[in-house]
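Visitor: Next up is a structure, given as structure tokens.
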């Protein structure tokens with residue numbers, strides 16, 4: 001587990017920013033790849049992975065229903 005990744009859902013965090021999501025995605029990709037900064041020949045794959053993880057994280061957070069709270073309005 002990446003210890004520097006914080007929980008990004010309510011009630012732990014009242015507001016989650018795109019920067020929070022991207023920072024968590026970056027930490028995850030760093031952990032999985034073993035690279036803090038990729039070599040030039042791996043940069044495109046690394047950046048694409050960060051974007052994909054960030055998008056998946058945003059989708060997950062949008063769709064989670066926290067017990068005792070109303071689901072977010074779908075629009």
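Numbering (the UniProt record's numbering), first residue to last: 1 to 75. For each residue, glycine too, the CB sits at the ideal point set by N, CA and C.
(1) Hey, how far is the Cα of residue 36 from the Cα of residue 30?
(2) Can you tell me whether residue 21 is buried or exposed? The criterion is at least 16 other CB atoms within 10 Å of its CB, across all chains shown.
(3) In the DSSP assignment, find the alpha helix (DSSP H) that holds residue 12 and state where it starts and stops.
(4) Whose CA, out of 68, 60 and 67, lies closest to the CA of residue 16?
(5) Going by other Cβ atoms of all chains shown within 10 Å of its Cβ, with 16 needed for buried, is residue 66 buried or exposed?
(6) Kindly list the residues whose CB is nearer than 8 Å to the CB of residue 8, restricted to its own chain and excluding five residues on each side of it in sequence; keep chain order.
Guide: Quick look at the numbers:
(1) In the chain shown, counting from the first residue as 1, residue 36 sits at position 36. In the chain shown, counting from the first residue as 1, residue 30 sits at position 30. C-alpha separation (whole angstroms): 5 Å.
(2) One-based indexing of the chain shown puts residue 21 at position 21. Classification of residue 21: buried, given that the 10 Å Cβ count is 16 or more.
(3) Taking the chain shown and counting its residues from 1, one reaches residue 12 at position 12. Looking at the DSSP string, residue 12 is not in any alpha helix (DSSP H), and its letter there is neither H nor E.
(4) Here residue 16 refers to the residue found at position 16 of the chain shown. When only C-alpha atoms are compared, the closest one is 60.
(5) Counted from its first residue, the chain shown places residue 66 at position 66. Residue 66 should be labelled exposed.
(6) Counting from 1 along the chain shown, the entry for residue 8 is found at position 8. Excluding positions up to five away in sequence, the list reads 16, 20, 21, 24, 57 and 61.
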